[in-house]
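Last residue of the sequence shown: 975 in the working numbering, with the numbers rising by one and none dropped.
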Amino acid sequence: MTRSPLSAPSQRHVLGNGLRVLVDTVPREPLTAVAVHYGAGFRSEPRGRAGLAHLVEHMMFEGSERHPDRAYFAGLLASGGSATGTTHQDYTDYVHVVPAHALEDALVAEADRMRAPLFTARGFAEQLAGVEAEIAAAVHGAPLGGLPWQVLPGVLYDRWANSHDGYGASETLAGLTPDDCAGFFHDHYTPANAVVTVSGGGEPDHVAGLVARYFGDIPVRSVPAPHHVLAEPPLAEDRVAVRPAATRDGALCLGYRLPDPAADLDGYLSHLVLARLLTAPPRNAGCGFFRPFDAVDPDTLVVNLAMPADGTTAALSGFESALREVADGAYGEEEVRRTTGQLATEHVRDHHGPAARAAALGRLELLFGRAVLVDELPGRIRAVGAERVGAAAASLLTARRAVLAAVPGRAAAGPTGRPAGPPGEAEPAKTGPRPAGAAPAAVGPAPAEGHVATDPADAEERPDTERPDGEERVDGRRAAAAEHAAPDRPVARSADAATRGRSPAEACAPSGGDRACSDGPAPPHPAAARRLPRRAGLRLPGLVESGGPGEARVVAVRDSRAPVVELRLRLPTPPGTPPVRQEHLCQVVTDRWDAQCGGETAPGGRTVRTEAGTVVVDAWFPVPGPDPALLAGLLAATPTAAEWERAAPRARARVAACAGDPWWLADQAVRQRLAPGAASHAGAVTVVAVGDLDPERWVQAATGALRPPATRLPDRTEGTAPAEGLALLRLPPARQTPAVAHVVWATPEPPRGVPLAARWLAVAVVGGGQPGARLAGLRTPGAPHGFTAYAGRLPGLLGPDGGALVQVGAQLPPQDAVLGARLIRDALRRIGEAPPTGAEVDAARRYCAGQLALVQSTQRELADQVGAWVATGARAAELDGFPDALHEVAVDDVVRDCAALFAHPAYAGVLAGAAADPAEDTP
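Structural data, given as structure tokens:
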């Protein structure tokens, strides 16, 4: 094993089999991440086998020689760990996060699947169905399908490796076999084509020894010969393609070739800064389809524009005018310095947690041989000046480009099948919140390295710009068309997906595998085969809070891991406020925030949105953070007529965009069915700050800033019980999602007569994200391996007594929607007859406690969790040590609360989609 310095406290090693190892650990950190990057992505796929790399990534969660049939990942999730995988253009990565003392278990599991994954016929059938469902939901089930990453490359590039769709088509995927997956694994998943990175807690030399012990004896295989040449000559002329979009508004996507970051890092960074300067809603721009530094050359600068009423020419002219202004020096050194400072601080914010840092270190080492860029980039970004940015803009004015226009029209329906992909994927942004008590979705990192290769046929290729109408569509909701077309996340996989739909016993049962890939015998187990800990810790020693029930709540937590302050603000709207008025208030708050904080020129960042009757602001600032006095200007005065008038067009546009989302429509419809049984207001104002701050001073100043505004709301009024039954919300063709129907059951939360921990566990037992949840075992003919379902408490409808909306929802194949809705309702009723067992409750304890411990990964995640927690009406101090409460609450309390939440109440339901059942109400 050879060793070379990286940047303190990191180490770089190369094992005898060629595996590169990066150790980036420090003692006494509570969490550790293990990332494994393989140099195999979309651009590594053999010609004619589009989608194979992504399918292999799914298959890698099917189990291995030591942990057959998903056994390790079932146990990991059941104990509260996390594991994700994502496929990119030039690489595929797998990222584990575990408590630091469980690191050895994670290393054993990753080494075992690098040595001997199991590719069985049964697992292949399930994963192929999952991939097809993912495509159906993310492509055929979204208005601007495929924009930009699946479609734009086919216009900008000629070579098959660069231009084909990495998701693949159903007919291509149907022709693949387990042997194809095994062959791709053998060719590309070699130690010499991989990087293992460990970041977070651990003594570096000890960690390096563990990696060498478990990975060092994996046999050497030759580095794969590249399948394709990636380099392409510059475009000789602009290329234009037009496709229909199932939206009222269209969008434009532009693609430009970027400088090679390996050969011209300064040029690449100049375009990165330029892209930020050009981003002003409804226009956005960015380097790479997924993120900067995410692919080897050639890479793409992507620009997304809204389609104006006067067409594409006006949109292109407006963008070129913006470019010309930059090229002519419209932005001076001060503006550019402010932008580079924001980008540099964002980079630090995004890379200080174990998972993010491990993923970035491994990616940059694999793609560019420079893991140290993680620490060097902030300084290099700050060094970009106005002259360099102007030169980058001037180069784009003369560069040839790809123009992809998505024009309003009727797109062809996509295939039907099992719907939405699993949590942990790049999931669509929803207007409604994630239910409290559900597992936080684990979003995976980025794609893999493509190989420079020789393929003579590549040189003769031309892109097919005349693709069939409605071929591919991308997910997400937009405030404007350009936002909807923004670069999406790479296709992703979570361990939760691998175990969904099987009972714990099934998930751990050996499969007897049909196809095994083995690189020699496995090393012995660790000296003591350890489970993940029974109790995962969550401690907030620097926490201060103020405010009582029904009053404004202010919480501050000292966390100095990154030089930023995270702010979370929740502002309830008055009782009965309709969605358009909620959006009005959201836009007024946005305008006030930007006026006080500098808007697009602010040193940090912010998002403002509505969630179930609440305006939510998520913001961050470089240290020392915001002056709490800004809260007074934000909330003190009633909005004026002029403010309402300025906000009106944007509010109407936001609601119109949301109305194109069947899930949002179903959520709104079920709330109408519940009135007046739902809570009458959303609770009190809550403000949470997490970062390098003095919590006592911050809370004192923020509490003062919130006075004299009236922050106490009227008491929650009890309504009548909802009418039992399922209503059919028939969507017009333009708003139908061909591959998915949405079902929502809901009821007002009954008063809580048990500890809060019992209510959390009751939700988790039924459908809170853990693999053994009751809803995970449901099946329909169109979803034989299960479908996406959840149960949760929506804290956006809370009153002072803690009441909330209990919601149970699912995404189903349209032909099974009515059957699936009935199965869900029947499963809820049966909870009274077949209450959860002690084993089910214990599994939920481990899962929930572990997930809570994971929110300490970054300041951002911690702020999100604390903000969601106080929105439930609980005191922030109760979160400190709440995992202990989860382990101590009595099983009888959980059983009693399961019945109170799910078996006894009447539930109102809504099915949104083109359902086959003609009845408007189904008992």
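Positions of the beta carbon are idealized from the N, C-alpha and C atoms, including for glycine.
This one's a predicted model, so the numbers in the text were calculated from it and none came from an experiment.
Sort out for me which residues DSSP pairs Gln-859 with in a bridge.
Here residue 859 is taken as the residue at index 807 of the sequence shown, counted from 1. Beta bridge pairing from DSSP links Gln-859 with Ala-798, Gly-844.
Mind the definition here: the segment 171-180 touches the segment 320-338 only if three or more C-beta pairs lie below 8 Å; say whether that holds.
Fewer than three pairs of CB atoms, one per stretch, sit closer than 8 Å, so the segment 171-180 makes no contact with the segment 320-338.
When the Cα of Leu-726 is compared with those of Pro-774, Gln-179, Arg-432, which residue comes out closest?
Position 674 of the sequence shown, counted from the start, is the residue given in the question as residue 726. In this structure, Pro-774 is the residue among Pro-774, Gln-179, Arg-432 with its C-alpha nearest to the C-alpha of Leu-726.
Rounded to the nearest angstrom, how far is the Cβ of Leu-419 from that of Val-348, given a contact under 8 Å?
Walking along the sequence shown from the start, residue 419 turns up at place 367. Walking along the sequence shown from the start, residue 348 turns up at place 296. That pair is a contact at about 6 Å.
Extent of the continuous beta strand (DSSP E) to which Trp-672 belongs
Translated into positions along the sequence shown, residue 672 becomes position 620. Trp-672 -> beta strand (DSSP E) spans 666-674.
Using a C-beta cutoff of 8 Å, does Arg-804 count as contacting chain D?
You won't find chain D in this structure, because it holds only one protein chain.
How is the alpha helix (DSSP H) around Arg-882 delimited, first residue to last?
Position 830 of the sequence shown, counted from the first residue, corresponds to residue 882. Start and end: 869-885.
Smallest Cα separation from Trp-715: which of Leu-686, Val-796, Arg-295, Pro-151?
Taking the first residue of the sequence shown as position 1, residue 715 is located at position 663. Comparing Cα positions, the closest option is Val-796.
Ala-736 and Glu-930: beta carbons closer than 8 Å?
As a position in the sequence shown, residue 736 is number 684, starting the count at 1. As a position in the sequence shown, residue 930 is number 878, starting the count at 1. The answer is no: Cβ separation not under 8 Å.
Reference Asp-878, options Gln-911, Leu-778, Leu-914, closest by Cα
Taking the first residue of the sequence shown as 1, we reach residue 878 at position 826. Checked all of Gln-911, Leu-778, Leu-914; the closest Cα to Asp-878 is Leu-778.
Would you decide whether Asp-999 is buried or exposed? Buried here means 16 or more other CB atoms lie within 10 Å of its CB.
A query on residue 999 cannot be resolved here, the shown segment of the chain reaching from 53 to 975 and no further.
For Ala-901, is the classification buried or exposed, using 16 other Cβ atoms within 10 angstroms of its Cβ as the cut-off for buried?
Looking up residue 901 in the sequence shown gives position 849. Looking at its Cβ environment, which holds 16 or more other Cβ atoms inside 10 Å, Ala-901 is buried.
Suppose contacts are defined by Cβ-Cβ distances below 8 Å. Is Ala-909 in contact with Leu-83 by that definition?
Taking the sequence shown and counting its residues from 1, one reaches residue 909 at position 857. Taking the sequence shown and counting its residues from 1, one reaches residue 83 at position 31. Reading off the sequence, residue 909 comes out as Ser, not Ala. Cβ atoms of Ser-909 and Leu-83: closer than 8 Å.
Within 10 Å of its beta-carbon, does Arg-211 have 16 or more other beta-carbons around it, so buried, or fewer, so exposed?
Translated into the one-based positions of the sequence shown, residue 211 becomes position 159. Arg-211 counts as buried, since at least 16 other C-beta atoms from the protein chains shown sit within 10 angstroms of its C-beta.
By the DSSP assignment, the beta strand (DSSP E) with Asp-76 in it spans what residues?
In the sequence shown, counting from the first residue as 1, residue 76 sits at position 24. Per DSSP, Asp-76 belongs to the beta strand (DSSP E) from 72-78.
Per-residue DSSP class, three states only, for Ser-62:
Start at 1 with the first residue of the sequence shown, and residue 62 comes out as number 10. Three-state result, Ser-62: coil.
Tell me whether Glu-597 sits in a helix, a strand or coil according to DSSP, three-state version.
If you number the sequence shown from 1, residue 597 lands on position 545. Residue state, collapsed to three classes: strand.
When burial is assigned at 16 or more other CB atoms within 10 Å of the CB, is Gly-600 buried or exposed?
For the purposes of this step, residue 600 is identified with residue 548 of the sequence shown, where counting begins at 1. Here Gly-600 is exposed. Its C-beta has fewer than 16 other C-beta atoms within 10 Å.
My assumption, with CB atoms under 8 Å, is that Ala-332 sits in contact with Gly-252. Please give the rounded CB distance.
Residue numbering aside, residue 332 sits at position 280 when the sequence shown is read from its first letter. Residue numbering aside, residue 252 sits at position 200 when the sequence shown is read from its first letter. With a Cβ gap of about 37 Å, Ala-332 and Gly-252 do not count as contacting.
From the DSSP output, in three-state form, read off Arg-462 for me.
Here residue 462 is taken as the residue at index 410 of the sequence shown, counted from 1. Confidence at Arg-462 is low in this model, with a pLDDT of 46, below 50, so the placement of that residue should be treated as unreliable; the coordinate-derived value is given next. Arg-462 sits in coil when the DSSP states are folded into three classes, being neither helix nor strand.
Which residues does DSSP list as the beta-bridge partners of Val-355?
Here the question's residue 355 lines up with position 303 in the sequence shown. Looking at the DSSP assignment, Val-355 forms a beta bridge with Leu-306, Ala-337.
How many angstroms separate the CA atom of Ala-1023 from the CA atom of Glu-618?
Within the shown structure, residues of the chain are numbered from 53 to 975, placing residue 1023 beyond reach of any answer.
Hey, out of Leu-306, Glu-284, His-140, whose CA is closest to Val-292's CA?
Walking along the sequence shown from the start, residue 292 turns up at place 240. Val-292 has its Cα closest to that of Leu-306, out of Leu-306, Glu-284, His-140.
Three-way DSSP call (helix, strand, coil) for Gly-227 in this model
What you label residue 227 is simply residue 175 of the sequence shown in a count that begins at 1. Residue state, collapsed to three classes: coil.
Tell me the start and end of each unbroken beta strand (DSSP E) in the segment 210-295 that is at least 3 residues and wholly inside, in chain order.
Listed in chain order, they are 246-253.
Gly-961 in three-state terms, based on DSSP:
Position 909 of the sequence shown holds residue 961. In this structure, Gly-961 counts as strand in the three-state DSSP scheme.
What are the boundary residues of the beta strand (DSSP E) that includes Gly-777?
Taking the first residue of the sequence shown as position 1, residue 777 is located at position 725. Looking at the DSSP string, the run of the beta strand (DSSP E) that includes Gly-777 is 777-781.
Indicate whether Val-609 and Val-641 have their beta-carbon atoms separated by less than 8 Å.
As a working note, residue 609 is residue 557 in the sequence shown. As a working note, residue 641 is residue 589 in the sequence shown. Cβ distance not < 8 Å, so Val-609 and Val-641 don't count as in contact.
Nearest to Gly-594 (by Cα), restricted to the options Val-918, Gly-829, Arg-401:
Indexing the sequence shown from 1 puts residue 594 at position 542. For Gly-594, the closest of Val-918, Gly-829, Arg-401 by C-alpha to C-alpha distance is Val-918.
Give me the Cα-Cα distance between Gly-564 and Asn-69, rounded to the nearest whole angstrom.
Your numbering for residue 564 matches position 512 in the sequence shown. Your numbering for residue 69 matches position 17 in the sequence shown. Only weak support exists for where Gly-564 lies, its pLDDT of 33 falling under 50; the coordinates are left without a value.
Can you tell me which residues form a DSSP beta bridge with Arg-148?
Reading the sequence shown from its first residue, position 96 is the one you call residue 148. Checking the sequence shown, residue 148 turns out to be His, not Arg. Under DSSP, the beta-bridge partners assigned to His-148 are Val-86, Ala-135.
Could you check where the beta strand (DSSP E) with Leu-623 kicks off and where it finishes?
To locate residue 623, count along the sequence shown from 1; it is residue 571. Per DSSP, Leu-623 belongs to the beta strand (DSSP E) from 616-624.
Start-to-end residues for the alpha helix (DSSP H) that takes in Thr-397:
Here residue 397 is taken as the residue at index 345 of the sequence shown, counted from 1. Annotation for Thr-397: the continuous alpha helix (DSSP H) segment containing it runs 385-402.
CA-CA distance, Thr-840 and Leu-310?
Counting from one through the sequence shown, the residue named residue 840 turns up at place 788. Counting from one through the sequence shown, the residue named residue 310 turns up at place 258. Going by C-alpha positions, Thr-840 is about 38 Å away from Leu-310.
Are Val-893 and Val-817 closer than 8 Å when you measure CB to CB?
Here residue 893 corresponds to residue number 841 of the sequence shown, with the count starting at 1. Here residue 817 corresponds to residue number 765 of the sequence shown, with the count starting at 1. Taking 8 Å as the cut-off, the Cβ atoms of Val-893 and Val-817 count as close.
Whole angstroms are fine: how far does the CA of Leu-813 sit from the CA of Glu-972?
Within the sequence shown, numbered from 1, the residue matching residue 972 stands at position 920. Within the sequence shown, numbered from 1, the residue matching residue 813 stands at position 761. Note on Glu-972: pLDDT 38, under 50, position unreliable in the model; no value is reported.
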